[in-house]
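Numbering (our numbering), first residue to last: 180 to 419.
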């Protein structure tokens, strides 16, 4: 499968990190990101000093995604009933990479009612890594879950940013692919849809996101991106 290919993690990693940095309005070079990933230079503290902290942190986050998926695939049969607890540490590390300030790290400890609620919802997403579902239903479920968690503001302003990494992790794990957004017009549209979906949740106090036309459009955009990868790019990363 494509997620066992180093070439996939190197090339698509550079694409994804570059596009994610654009989403958070940070300038970067895709070629430099690619070199950092391939040569593992992001682990060199001296080299890292020449880049924005976010560049290095998001590359580390991408590497964590790889570790999560390969771990799941190596022990998938054993993990089917325990996937939530066995890889929760990795998802905590993923949070620390996306948000080094670790402001909401206690949410991953399960020591409060709010933390337990967050972990319960998070585990439902993680379980999707080993549960077979149709492509359409999986994309819609993951994005709805992301907005449900975002509406609860569990991780403050970075809640949705963190959850996008989870959405991508699950879609790669299930063998579908990755959604990458590099076009500036696309990015502006995503922000517009995102703000309207958040407003819908606030005004309707509803989890039935299918009633929100902006949510339906967002789901469609994600599906198109992942299907593009699946139909046109995935085969180059598959080897015997």
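From the three backbone atoms N, C-alpha and C, an ideal C-beta is built for every residue, glycine too.
Check                                                                                                                                                              : Outcome
Quick one: residues in its chain with C-beta nearer than 7 angstroms to the C-beta of residue 319, no 5 flanking neighbours on either side, listed in chain order? : 398
Would a C-beta distance cut-off of 8 angstroms place residue 212 and residue 227 closer than the cut-off?                                                          : no
What are the boundary residues of the alpha helix (DSSP H) that residue 200 is part of?                                                                            : 185-202
What span of residues does the alpha helix (DSSP H) with residue 398 cover, start to end?                                                                          : 392-411
If you draw a straight line from the alpha carbon of residue 323 to that of residue 342, how long is it in whole angstroms?                                        : 11 angstroms
If we call anything under 8 angstroms between Cβ atoms a contact, is residue 338 one with residue 328?                                                             : yes
On a Cα-Cα basis, can you pick out the residue from 276, 229, 282 that is closest to residue 336?                                                                  : 282
Which residues bound the alpha helix (DSSP H) around residue 315?                                                                                                  : 314-330
Give the range of the alpha helix (DSSP H) segment to which residue 368 is assigned.                                                                               : 363-383
Specify the secondary structure class of residue 281 as computed by DSSP and reduced to three states.                                                              : coil
Apply the 10 Å Cβ neighbour rule to residue 291 and answer buried if 16 or more other Cβ atoms are within range, or exposed otherwise.                             : exposed
How do the region 357-374 and the region 382-397 stand: do at least 3 beta-carbon pairs fall below 8 angstroms, yes or no?                                         : yes
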